[in-house]
Amino acid sequence: MSFKINWNCIEKDSFIQYAKDTLNEAMNSGKKPNILSDTIKIVDLNFGSIPPDFEILEIGDLGSDRFRGIFKFNYFGDASITLTTKVSASLLKNYNDNITDDLVDSSDTAYETSCRELAGFIKPNFIVSDCDFDIPLHLTLSSIKMSSIIVVVFSVSKGLTLVFKNEPLESIEVNSTFDKIKPIARFLQEKIETQIGELFKEFLPSMLYKISLEYTSQSFEQFHRSMVDDQEVEEPRVMLKDIDPDALMGISPGSLMRLTRLASSRQTLALGGELSCDRMNSNIVTKAFANAIIASSNTFAFSRLHMSDSDFIRGEMGEKVSVIKEFQKKTFFKSTHDEVRPRRRVIKLHRKKKVEPELVNVSEAAETAEVPQVPQVPQIPQVPQVPLVPQEPLEEDDDTTVMESDSSVEKKQRSMSCIYSGGSSVTSDATLNENQPEIIAIPMLRRTSRSGDSPTVDSHNGSTTYQIDERHDHPTPEQLQQLQQQLQEQWITLPAKLVQDIQAKSKNLFHIGKDEQQKIRKRIVKLDQLLSKKNAVKHDNSERVPTIYGYSAGNRRKSGSNGLNGLNRFDTPPPPYTCF
Amino acid sequence: MDYVQKCFYDASGWNDDLSYEQILRTSNNLMHFPIPSGFKLSISSKNTEYSYSSLTLSQLSRLTGSLSYLYSSIDLKNTYLGTASLPLRLILDDYRFVKSPQQQRLQDAHFTPTGQPRPCILYGKMYFPSQFLEGMLIKRISKNVQLMMKFINTPKLRKLANNSTIVTLYLQRQKGNSSTDFIFSSNESLLGFRCLYKIGSDLSSSPGGISDSTSLSLGFELWFALMSMSPGLSTALRYSTHLSSSGKPLTMTLALNPLLGTIESTYAIKSGLNSTLSSKYTFNIYSYESDLLFGFSLLRSSEPPNRAVPPKSPLPSTLPITSSRHQPFKSLDEETHHRLLTTFMGINPGKLVTENNARHFMDTFNHLNFSSGLKCCASIAKKDLNVAWEGRFKDLLISSGLRIDCSEAIPKMGKYGIEIQYSS
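Order-wise, the sequence lines are chains P and E.
Under my numbering, think of the first position of the first sequence as 311, with each following residue one higher.
Under my numbering, think of the first position of the second sequence as 67, with each following residue one higher.
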């Protein structure tokens, strides 16, 4: 942990003036030595531009209103202080004054008059030899080098206490009006070096204590505000509308998800994880939470996006996938304006040789809410692609093929990818084994790109690029494992949760408590209302997909589990939304 | 006890005025007078012929006091007087008249040697409750040489403080018109040397010549503190004379400190029988710091005391000119006739104006009795005002003082106090 010290705050005038006044008062308090015939005044106090270095050695006590720690303190900066005073150069006058002061100092304070009488008796009666003679003295201390171990104890009620454990001063440069007179300059240098060490040990802590009392009598926010006030004003705020005047809130859904993720990780200090909600802002619906919502409800309209086994059986998958594709198309075109073709990853399932290629359109995901995981997934290496022409049989082991998708429609795809791990064995059975997770979502940052070399079968007609082979067979566990291994070959690491899901596929990790269900239902109702509003505005034949990005059926379990896992990370299961 | 010391000097024939220490005495009396602080009560008495004791009580922040004993080897009965009958002129430090050589000769002639050729005085004072001790010994070693030793001692009051003892030795030598002093102090091993030389013109050759003196005194002092290597040097010059028009005595001094470049010049004149005016200008040639001080002193004369005042100085009786001014010559008695004529014959026509004025002034002055005196001094650079009043009230001597500091917009009171003395 390190400190970032905003040293510029100290250069504020009011603080410098306050420090000067406190220092003046402190230096002139106590008994004035005879050698000085005038008060000490600070002419210039400059904290310099280089802040001191703090290194934490130990923190003993940390609370909201108190702090105790041991630091290693280094200062090699350019602070300087200039003092002015008058020195009495009348030596015999000092001699006489010293007699009086020695008597007064060495005895009780109540005997002062007696001391003066006594001193008057013994003092030699100088005739003009003890006249006043004052020489003004300017003293500048600069190039202060300090290094020490300090103990800092701070509490809001008691202020700041700072103790130097050892001698802090390493070197100091003394310039004065007596520089031309070498003996006096040397004397001043030695005297100040010895005195400054004592000064730091005794005087600085008390001064800091006084300053801290003054400043912590206000609240912390006020204090920080007053210190940082100027700087905030200086930085101009950037408005969203400055970025893109046309589309005011034209932030892509992906960016929003990313921002949400960043915000939530800021709040919880989690570097990753599957945070399912933004605890502070109930208006942000994170993907995982939305998945949780949707997964818990079976009655929602957009539950149609569930790709359940029955879909495959009944053959409704195509519709759902088309819904997905439509949605993806729209979002894609919303965010891009150039002639960029969307890339779709196509995974070809294992099929029989003579059967016409079965292709499953795989929507490719670029980023999800799990952005931090994504960078771990390297680029999918180029898989030897076999152009799917009817006349070419596929290799058997070629599970995944990439085909260009939708050459007529050029759009990039940004949604959750799913690999339809229908298994390696391709049969004419269109249904999938229900015991497997139908769709395992694998976030992919990059898609292997195929830029239009291998025309698909679909390219002929320019229609949708997917073909669903409805003759999938139930993939066996061995096939799953194989698939996993193959996937692992392609990607260096498999996302952990994916592994978890593969292994725990039979476990029902999806459990939401009753009150949470209530809340979720309420939230879903609200969303539904939003939906209907949206439907009314932009009506379409198909039901609109709500702004739940990157959702796909296969995420159900995973997201559910992730949501739960994310929930489990808190001390108490937090209600995802405090208000509805 | 200063008074006793003064009496001792007079009785033993020691001319304290001849010391360099006293060269600026007039201006110091008028402008740097002490101001008591708090309340102080002092009771002294002459216990026996040779011993005196004194007790003081003072209250400033705390009640303190002191007890002192003095032993003199000669009897000071001629000179020592109690406060009831003490002519205030001796106590009020006012214009300090410098004795002319003739006066000195007269004084020496009338000096009756006391029993002991080598008188000494012993003095000790203890402060309580602080248990400070101070003491003094003055011993006349020979006719011209006097040794004085002063010391102080403090007990160990605080754990870390040492007791401090300072001993100062003064070896003073006088001879006619010059004097030299050697000083040694144990505090920082201070060595000092003082020297004064007086050039007095004896203007009047008449037998009745009194203080019509014009004198020029020159002196210097040299100091060196061995432990702290602090040197000190100063020279001074004093010119004391009388105004020719009215006979008023005046003193001008010039003092220099060559090391630090300070020049101090003073001017004091006794502008009337009751009043004295003085001014002082200080200037530093290195730091250009300067100061101008003004001071005056007013004396109030009163009726002569009940007891007949013994003649202070063995001078020939003076001519009561004023008393016989309004009477025709013929009606005066025989003695007065005689006196008038002799005095008239002694007048030197050439020096008529000056001498007579001076003489007249001095005569009149010496016969005046004062009941109180007011002193005031103001400093321009330091912006302060010192006021002191001394007087006698029913056998008690009262001194009070006040300092007002005008350096800020609102004048504020500095030191103030009152001191009551009684001695019998």
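All residues carry an ideal CB built from backbone N, CA and C; glycine is no exception.
For clarity, every value in this text was computed on a predicted model and none was experimentally measured.
Around the beta carbon of T220(E), a 10 Å sphere encloses 16 or more other beta carbons of the protein chains shown; the residue is thus reported as buried.
For A429(P), the enclosing alpha helix (DSSP H) covers residues 422 to 432. DSSP lists no beta-bridge partner residue for E503(P).
Burial check for F642(P): the Cβ neighbour count within 10 Å reaches 16 or more, so the residue is buried. Ranking N253(E), F177(E), P102(E) by CA distance to the CA of T410(P) puts N253(E) first. Neighbours of F436(P) across chain E, judged by C-beta separation under 8 Å: E287, W289, G298, S300. Cα atoms of S283(E) and L129(E): separation of roughly 44 Å, rounded to the nearest angstrom. Just measuring C-alpha positions, the residue of G266(E), C186(E), P195(E), S490(E) sitting nearest R171(E) is G266(E). Under the criterion of beta carbons closer than 8 Å, L288(E) and F259(E) qualify as touching, at roughly 5 Å. The continuous beta strand (DSSP E) containing D357(E) extends over residues 356 to 367. The C-beta of G480(E) comes no closer than 8 Å to any C-beta of chain P.
Along the stretch 141 to 165 of chain E, the beta strand (DSSP E) does not occur as any fully enclosed run of 3 or more residues. For P563(P), the enclosing alpha helix (DSSP H) covers residues 563 to 578. In this structure, L96(E) places its C-beta atom within 8 Å of the C-beta atom of S344(E). Cβ atoms of F383(P) and I460(P) come within 8 Å of each other, at about 5 Å. About 5 Å separates the CB atoms of T145(E) and D76(E); that is less than 8 Å, so the two are in contact.
For Y75(E), the enclosing alpha helix (DSSP H) begins and ends at 68 to 78. Across the set D471(E), G480(E), G338(E), Q125(E), the C-alpha of D471(E) shows the shortest separation from the C-alpha of K448(E).
DSSP places H308(E) in the strand class (E or B) of the three-state scheme. Of the candidates S117(E), R458(E), L90(E), L90(E) places its Cα closest to the Cα of L262(E). Pairing K658(P) with N316(P), the inter-Cα distance amounts to about 58 Å. With at least 16 other beta carbons inside 10 angstroms of its own, E200(E) counts as buried.
The beta-bridge partner set that DSSP reports for C442(E) consists of F362(E), V453(E). Residues L393, S486 of the same chain have their beta carbon placed closer than 6 Å to that of L449(P), with the five preceding and five following residues left out of the count.
Its chain contains R366, G457 as the residues whose beta carbon lies nearer than 6 Å to that of S438(E), once the 5 sequence neighbours on both sides are disregarded; these appear in chain order. Put simply, the stretch 431 to 450 of chain P touches the stretch 398 to 409 of chain P. At least three CB pairs are less than 8 Å apart. Per the C-alpha coordinates, the member of L133(E), L107(E), L152(E), N229(E) positioned closest to F436(E) is L152(E). Taking 8 Å as the cut-off between beta carbons, the residues of the stretch 348 to 368 of chain E near chain P are T348, N350, Y352, S353, E355, in sequence order. A Cβ-Cβ distance of about 6 Å is found for the pair I218(E) and F431(P), placing them in contact under the 8 Å criterion. Between A321(E) and V438(P), the gap from beta carbon to beta carbon is short of 8 Å. Proximity to I187(E) across A444(E), Y161(E), Y135(E) peaks at Y135(E), based on C-alpha coordinates.
Straight across, the Cα-Cα distance linking N423(E) with E87(E) is about 30 Å. By the 16-neighbour rule on beta-carbons within 10 angstroms, N350(E) is buried. In the three-state reduction of the DSSP assignment, S93(E) falls in the helix class. Using a CB distance below 8 Å, the part of the stretch 102 to 128 of chain E facing chain P consists of S103, G104, S124, L126, S127, R128, ordered along the chain.
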